[in-house]
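Student:
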Amino acid sequence: MKILVNLISVLIFGAIVALAPGVANDALADQRAKADLAEVNHIMYGIFSVNAWKSKLSQILVSEIRKINIKKTSVKLKSTIENQLSALIDKLDQQIRSTNAGSFGGRVKQILIDLAVDIGKVKEGVPTYADAVIAEINKPETDKLVKDMATAQVKAYLSKTFIAQNMDPVNAVLGRTGADSVAEADKILHDQIEARHAGKTTRSYTIIGLAFLLFIWIGIPRNRSSFGMGLLFATLLVLLALGVRLPMIDLEAKIADMSFSLIGHPIGFENQILYFQSKSVFDVFKVMITNPDLKMKAVGVLLVLFSIVLPVLKIGSSLLFYYAKSVRPNR
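So for the sequence shown, my numbering puts the first residue at 171; every next one is plus one.
Written out as structure tokens, the structure reads:
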């Protein structure tokens with residue numbers, strides 16, 4: 171019977187030990203994933219990035235160019251076109267006369283031109299020429315050509331508006347996730363965290379349940395033995411080691427949403443991370459103990475004292491009290 175009790179106790183303890191690394195690995199994987207999420211969503215690559223603003227403004231400008239109605243604009247341009255054509259005809263006439271005035275042959279040529287071409291009648295046709303220009307502008311292919319040219323000019327200008335930014339941290343995250351964009355990496359990381367959540371939660375509750383079961387099982391008077399008590403102390407140490415290894419705190423400061431409208435177009439930035447840190451007990455201790463402030467060092471020491479040292483001493487003293495009968499007080 172004693173062998174059976176010990177065997178069941180060992181099996182329960184073995185299950186706890188076997189499940190513990192999975193919980194720790196999942197928690198650490200979540201910690202890395204959250205750090206990667208904070209990196210790709212950092213405010214330096216969003217609100218504070220000239221390149222991010224350039225991308226959003228480029229989309230707005232291109233959209234506005236596509237909405238331009240050239241037909242309405244061309245009607246307003248008719249008088250301008252007529253004035254420009256009249257000025258062009260006058261300038262051309264003056265240039266020809268100036269060129270021909272320098273020689274006898276030129277003067278003869280000018281006389282022939284004056285006989286053949288009446289500048290006044292040519293200028294009378296300016297409204298007709300303007301209508302022809304407007305008709306050409308109003309053609310669908312011309313409309314597309316003008317908009318394409320304007321779009322190309324906007325993109326060419328914006329391409330010159332560029333500030334070099336160190337994207338190595340973001341590229342490293344993209345490489346780890348196998349994503350082609352920040353949005354895709356964000357989705358992959360969230361999916362990974364969500365996929366691990368159910369398994370991690372199940373294993374955690376299973377460990378707690380098995381530990382509780384082991385304490386009840388060995389706590390039964392007829393099952394109590396030195397071997398069983400040793401397993402209980404070992405279980406406490408496993409749980410303590412697991413708890414110390416897991417992240418104890420997540421600190422995050424972010425702008426959840428910032429949006430406004432520009433020329434009727436919404437501009438928004440979401441999930442802009444200002445600060446993120448995920449720390450275990452040891453991580454917090456390292457931060458505090460390396461701080462030049464003596465008060466912070468003292469807090470770090472107290473943290474380790476109450477989180478690790480005292481629990482270990484308590485387990486050790488209980489173990490000593492149980493097995494070393496000579497240290498027990500005489501009654």
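Beta carbons are placed, not taken as given, at the ideal position from N, Cα and C, and that holds for glycine. Note that the structure is predicted; figures quoted are calculated from it, not measured.
1) What separation, rounded to the nearest whole angstrom, lies between the Cα atoms of S179 and R394?
2) Have a look at the DSSP bridge pairing and note the partners of P436.
3) What residue range is occupied by the uninterrupted alpha helix (DSSP H) comprising V414?
4) Given a cut-off of 9 angstroms, decide if V451 and V414 are closer than it, judged by their beta-carbon atoms.
5) Excluding the 5 residues flanking M399 on each side, which residues of the same chain have their C-beta closer than 6 angstroms to its C-beta?
6) For S448, is the classification buried or exposed, using 16 other Cβ atoms within 10 angstroms of its Cβ as the cut-off for buried?
7) Within 10 Å of its beta-carbon, does G216 have 16 or more other beta-carbons around it, so buried, or fewer, so exposed?
8) For K261, count neighbouring Cβ atoms within 10 angstroms of its own Cβ and tell me buried if that reaches 16, exposed if not.
9) Which residues mark the beginning and the end of the alpha helix (DSSP H) in which G379 is found?
10) Would you mind giving the Cβ-Cβ distance between L359 and T371, rounded to the nearest angstrom? I have them listed as a contact below 8 angstroms.
11) Expressed to the nearest angstrom, what Euclidean distance is found between the alpha-carbon atoms of D427 and G438?
12) Can you check which of these residues, Q442, T376, Q362, F455, is closest to L473 by C-alpha distance?
13) So the alpha helix (DSSP H) D318 belongs to, where does it begin and stop?
14) Output the distance between the C-alpha atoms of S228 and N221, rounded to the nearest integer angstrom.
15) By alpha-carbon positions, which one of F397, S256, I433 ends up nearest to F183?
16) Could you check which residue in L174, V210, G389, L489 has the C-alpha nearest to that of A349?
17) Could you give the distance in angstroms between the alpha-carbon of M418 and the alpha-carbon of K325?
18) Is the stretch 361-376 close to the stretch 196-209, with three or more CB pairs under 8 angstroms?
19) Among L432, E252, N195, which has the Cα closest to the Cα of L412?
Tutor: So, to answer that:
1) Taking the straight line joining both Cα atoms gives about 11 angstroms.
2) Looking at the DSSP output, P436 shares a beta bridge with S431.
3) That run of the alpha helix (DSSP H) goes 396-415.
4) Going by C-beta atoms, V414 is nearer than 9 angstroms to V451.
5) Hits under 6 angstroms: Y492.
6) The Cβ neighbour count for S448, taken over all protein chains shown within 10 Å, is at least 16; the residue is labelled buried.
7) By the beta-carbon neighbour count (other beta carbons within 10 angstroms, threshold 16), G216 is buried.
8) It is exposed - the Cβ of K261 has fewer than 16 other Cβ atoms within 10 Å.
9) G379 -> alpha helix (DSSP H) spans 352-389.
10) L359 to T371, Cβ: 19 angstroms. No contact.
11) When the Cα atoms are used, D427 and G438 turn out to be separated by approximately 7 angstroms.
12) Taking only the C-alpha atoms, the option nearest L473 is F455.
13) Here the alpha helix (DSSP H) through D318 covers 310-330.
14) Taking C-alpha positions only, S228 is separated from N221 by approximately 10 angstroms.
15) Comparing Cα-Cα distances from F183 to each of F397, S256, I433, the minimum goes to F397.
16) Comparing Cα positions, the closest option is V210.
17) M418 and K325 have their C-alpha atoms spaced approximately 48 angstroms apart.
18) As far as the Cβ criterion goes, the stretch 361-376 touches the stretch 196-209, which means the pair count is three or higher.
19) Ranking the options by Cα distance to L412, first place goes to N195.
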